[in-house]
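Protein chains in written order, with the working numbering: chain G, 1 to 558; chain R, 1 to 322.
Using N, Cα and C, we set each Cβ at its ideal position, and we do this for glycine too.
Since the structure comes first, as structure tokens, the remarks are kept for the end.
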Amino acid sequence: MSASGTIEGAAGREPHAPEATLGRKPDYLHAESTLRSWFLTTDHKRIAILYLISITGFFVIGALAAGVVRLALVVPNGAIMANDTYNKAFTIHGVVMVWFFLIPSIPATFGNFLIPLMIGAKDLAFPKLNLTSWYVFMTGALFTLASVVLGGVDTGWTFYAPLSTAFSNTWVLPALIGVTIVGFSSILTGLNFVVTIHTMRAPGMTWFKLPIFVWTHYATSLIFLLATPVITTALILLIAERGFHVGVFDPAYGGDPVLFQHLFWFYSHPAVYIMVLPGMGVISEIVPAFARKKLFGYRFVAYASIGLASVTFFVWGHHMFVNGQSDLASLVFSSLSFAVAVPSAVKVYNWTATIHKGSLRLDTPMLYAMGYIGLFVLGGLTGLYLATLAINQHVHATYFVVAHFHYIMVGGTVLAFLGGLHFWWPKFTGRMYSEPWGRVSAVLIFLGFNVTFFPQFILGYLGMPRRYATYPPEFQLLNVLSSAGATILAAGYIFPMLYLVYSLWFGRKAAANPWDAKGLEWETSSPPPTLNFVSPPEVPRVPYDYPIQAQESSDQHR
Amino acid sequence: MTPDHPALQLWPVAASATAVETDQLILAFTVLTLVLTVPVFLAITWFALRYREGSDANREPSGIRSNLIEISWMLVPFLLTLVFFAWGARLFVDSRNPPPDSMVIEAVGRQWMWKFQHPTGQAEINDLHLPIGQPIKMHIISQDVIHALYLPAVRMQVAALPDRYTEMWFKADKVGTFHLYCSEYCGTDHSVMGGKVTFMNPGDYQDWLVHAGAEQGKVAAGRALYQAYGCAACHEPGSPVGAPGLAGLYGSRVRLADGRTVVADNGWLRQKILNPNGDRLAGGGKQVMPSFAGLIPEDELGRLIDFIKAYPGPGQSAEATR
């Protein structure tokens, strides 16, 4: 375990056979090797790997659709593809990225793998339910992919009625059924996490010794449980209206289309925090490990997670300021939305304070974490611009919104996902990736992301509406710039897929704790044995017990 | 037509007092954003350099109580941003309450065109002509899905809902031609559902109502319908379908497959649109045009024929009919 900070590049490695674990009990990867042992596994770590492979596939599909969108927008007159093709491409991009990548991304992979390890448990509370959730997820995915293969959907990921229920001539029903089914997988995962965190903590692992990663997943699970049933209901009503003309949202059948938007955003705004909170958990693990310093303001950061998960239920109306909602409701939702700034600021300032007077190592995970902080801050503050009523009635539904939520979801969630993937890759696979390639890719992604999305803030304020297959010629230069950035971003995504897979066979073998990090997941071997720990782990006196202590706040030693 | 197409525009034209104030609001908010973020970015960069592993920086705790820091960085940014909530809310409330002397324009959205009607009865499609210095209240509704009327020059957009009126008001103060968009995704041709809003001096607006509103407006309306009903996809020169062109058609003598010759007048064109299978053309290709009987209302048929009538002869630019 001497490898801290001295990870060499590909040049210093020697290939190892994967089964070089002679003389030890086999780890979870090698315990059994039949396909059946994977597809019927109840090991939370194997299920996490099943999820990781699945969501990587969906990320590739969603990214290809984004590539089609950026290609089309290189020219203003729509000469590259028909409007319908463009509309289907951005719909697939949104549906796949939101429901099949971002929402399950960190919870279903890292959460699944790490929560039991972090709390010193052998598995999640309901292992079979965990496997079920993956099968439910894949069933929903098959329906959605079927709609793409049959000819696509063109409603946008928001499925607004009555466009989705009465006017679109595309394969809306399979897509709706798929997304409805996927919701159940979220609910099962959330339920499993809540029960696990309440009942399966190792002796001595009290609530305020839990890593922030566990706190944020607890908060995320509450949103899974409380918000997901609402979108399920809304989607079932859409299905009923489209399939059987049950009048709920379409005025032609006596319905109200604004009602759908209320139900949709009652889930979909909290869903933003399903995507953001787990990322915050990842960053809260990476920053102390690479600053060699205790997390600053641990309790405040923990409470801020629960705070975000609560406030997020009261701000959905800020998506509807110009959509026919009453002006009074808009005023109330606008003011409540500003409250989100408080817990968000707590997180950002505490990470920054953790770096202060630390002993920093700028390895790949830390580069992603620092990029995350910058992009999340910009994404968060532009969210306040959008919550400001007079600004919103200009930039609502323009590229300003597109830029804002990509700063949150790509700058936030995807960077946290990649940072976490590199941080825990040795734990998941028992192999080290190429550190130089990791750093190059992290920098490429940060640059490519900003070149892609920063111009979109300007496009939005200039008044370019989103979801436009054609656009006025004066916007072409910024659009070409954005598309050029997307190619850099694509390169940044392709490199990790290559060197991470390469490392599975040829990477240097990882020690149990290659980063010299704190947390129970580093107390067991890499990769861990099937039941996680050979002997019960000893819970440390305080969380984040790094060599450099943060400023002690009065309550941290209780 | 936009007056000019700068290759790189960095700030949109503001054509109303509300637009100017919205710009001030976002600029001031950006200053605050810089105040809140630049120190964080500089701090992270500085710390990353100063406190790298192995540097001889002082890492002794500085002795400040962290609860005090926590509370101040929770509350100070929040209270500062609340100023912008209040400013934005005040401007929003103003822009939601039209003055009683507003001139009312009826706006109807449908897949994929906007129809506008002036108080004096003149109607326009996709284009909108308005006087400056006069409060304008748009009375908006949709005939099918949800649309939204978006006028960036006055920094304003409002949804067009089926079955329910919504409102938007503004007072333009700058003469010029600006974009008019649909900003709520509404299906296939969402991105072409729009046109131009032209703000004019009140005298020019009166002239427009008398002349252009009646004549030029008819042709522009016909062109919009020609696009909206999908006629253009086959009848524009260069279309892969190769449907008969419209240049010089109106009033010409047309030879039919059965040997007769007819004059392409209003009545014949109307019949041919409603029942394309009748009166086959001599030497024409395969008849693939669908019947539009029952699909196009009479007044719109009239506009389409006006458009065909004004369609430029061979060699002229199609732009001339705008």
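Distance, residue j Cα to residue i Cα
{"i": "glycine 343/G", "j": "threonine 312/G", "result": "This sequence places proline at residue 343/G; glycine is not what is there. The alpha-carbon atoms of proline 343/G and threonine 312/G are separated by roughly 11 Å."}
{"i": "isoleucine 223/G", "j": "alanine 234/G", "result": "16 Å"}
{"i": "tyrosine 51/G", "j": "alanine 148/R", "result": "39 Å"}
{"i": "proline 270/G", "j": "alanine 227/G", "result": "7 Å"}
{"i": "leucine 500/G", "j": "glycine 194/R", "result": "48 Å"}
{"i": "alanine 264/R", "j": "phenylalanine 400/G", "result": "50 Å"}
{"i": "leucine 117/G", "j": "alanine 202/G", "result": "10 Å"}
{"i": "glycine 9/G", "j": "glycine 374/G", "result": "Confidence in glycine 9/G is poor, its pLDDT being 40 and thus under 50, which makes the residue's placement unreliable; the coordinate value appears in the next sentence. Answer to the nearest angstrom: the Cα atoms are 27 Å apart."}
{"i": "glycine 565/G", "j": "valine 258/G", "result": "Here chain G has residues from 1 to 558 only, and residue 565/G is not among them."}
{"i": "isoleucine 548/G", "j": "lysine 294/G", "result": "6 Å"}
{"i": "leucine 274/R", "j": "glycine 133/R", "result": "44 Å"}
{"i": "leucine 308/G", "j": "methionine 200/G", "result": "25 Å"}
{"i": "isoleucine 115/G", "j": "aspartate 123/G", "result": "9 Å"}
{"i": "arginine 255/R", "j": "serine 168/G", "result": "41 Å"}
{"i": "phenylalanine 208/G", "j": "leucine 477/G", "result": "52 Å"}
Chain G within 7 Å of residue i, Cβ atoms only
{"i": "tyrosine 226/R", "result": "no"}
{"i": "leucine 79/R", "result": "no"}
{"i": "serine 102/R", "result": "no"}
{"i": "alanine 232/R", "result": "no"}
{"i": "serine 142/R", "result": "no"}
{"i": "threonine 177/R", "result": "no"}
{"i": "isoleucine 296/R", "result": "no"}
{"i": "arginine 322/R", "result": "The pLDDT assigned to arginine 322/R is 36, lower than 50, so where the model puts this residue is not dependable, and the model offers no usable value."}
{"i": "tyrosine 181/R", "result": "yes"}
{"i": "threonine 198/R", "result": "no"}
{"i": "methionine 113/R", "result": "no"}
{"i": "glutamate 70/R", "result": "yes"}
{"i": "arginine 155/R", "result": "yes"}
{"i": "valine 40/R", "result": "yes"}
Residues near residue i in its chain [Cβ-Cβ closer than 6 Å; skip 5 each side]
{"i": "leucine 225/G", "result": "Gly190"}
{"i": "glutamine 157/R", "result": "Ala148, Tyr150, Ser183"}
{"i": "lysine 115/R", "result": "Val108, Ile125"}
{"i": "glycine 23/G", "result": "Here glycine 23/G scores only 47 on pLDDT, less than 50, and its place in the model should not be relied on; the value that follows carries that caveat. There are no such residues."}
{"i": "aspartate 545/G", "result": "Lys518"}
{"i": "proline 473/G", "result": "Pro76"}
Cutoff 8 Å; reference residue i; Cβ partners in own chain excluding five residues on either side
{"i": "serine 337/G", "result": "Val315, His318, Gly383, Leu384, Ala387"}
{"i": "alanine 490/G", "result": "Ala63, Gly67, Gly448"}
Nonlocal neighbours in the same chain, by C-beta distance under 7 Å from residue i, ignoring five residues either side
{"i": "methionine 432/G", "result": "Ile7, Pro426, Ser503, Gly507, Arg508, Ala510, Pro514"}
{"i": "lysine 128/G", "result": "Thr42"}
{"i": "tyrosine 407/G", "result": "Leu375, Leu378, Gly379, Thr382, Phe453"}
{"i": "serine 105/G", "result": "Ile55, Thr413, Phe417"}
{"i": "alanine 57/R", "result": "Arg50, Tyr51"}
Neighbouring residues, chain R, relative to residue i (Cβ below 7 Å)
{"i": "glycine 156/G", "result": "Tyr185"}
{"i": "serine 335/G", "result": "Phe85"}
Neighbour flag for residue i against chain R, beta carbons, 7 Å
{"i": "proline 365/G", "result": "no"}
{"i": "valine 377/G", "result": "yes"}
{"i": "methionine 370/G", "result": "yes"}
{"i": "arginine 439/G", "result": "no"}
{"i": "isoleucine 355/G", "result": "yes"}
{"i": "glutamine 393/G", "result": "yes"}
{"i": "aspartate 545/G", "result": "no"}
{"i": "asparagine 83/G", "result": "yes"}
{"i": "glutamate 241/G", "result": "no"}
Per-residue contacts from residue i into chain G (C-beta, under 7 Å)
{"i": "tryptophan 73/R", "result": "Ala345, Tyr349"}
{"i": "alanine 148/R", "result": "Val322, Ala397"}
{"i": "alanine 159/R", "result": "Val322, Asn323, Gly324"}
{"i": "leucine 82/R", "result": "Phe338"}
Partner residues on chain G for residue i, Cβ-Cβ distance less than 8 Å
{"i": "glutamate 167/R", "result": "Within 8 Å Cβ-Cβ: nothing; glutamate 167/R doesn't reach chain G, min ~10 Å."}
Span of the beta strand (DSSP E), counted from its first residue to its last, around residue i
{"i": "cysteine 182/R", "result": "176–182"}
{"i": "methionine 275/G", "result": "Note, methionine 275/G: premise wrong, no beta strand (DSSP E); alpha helix (DSSP H) at 257–291."}
{"i": "tryptophan 114/R", "result": "113–117"}
{"i": "alanine 109/R", "result": "Correcting the residue type first, residue 109/R is glycine in the shown sequence and not alanine. Unbroken beta strand (DSSP E) run through glycine 109/R: 103–110."}
{"i": "alanine 159/R", "result": "156–160"}
Start-to-end residues for the alpha helix (DSSP H) that takes in residue i
{"i": "glutamate 300/R", "result": "298–309"}
{"i": "lysine 196/R", "result": "Unbroken run through lysine 196/R is the beta strand (DSSP E), 195–200; no alpha helix (DSSP H)."}
Within chain G, the residues that residue i reaches when beta carbons sit closer than 9 Å
{"i": "arginine 52/R", "result": "Ser359, Leu360, Arg361, Leu362"}
Residue i CB to nearest heavy atom of the ligand SAH below 6 Å
{"i": "leucine 114/G", "result": "Because no ligand of any kind appears in the structure shown, any question about the ligand SAH cannot be addressed here."}
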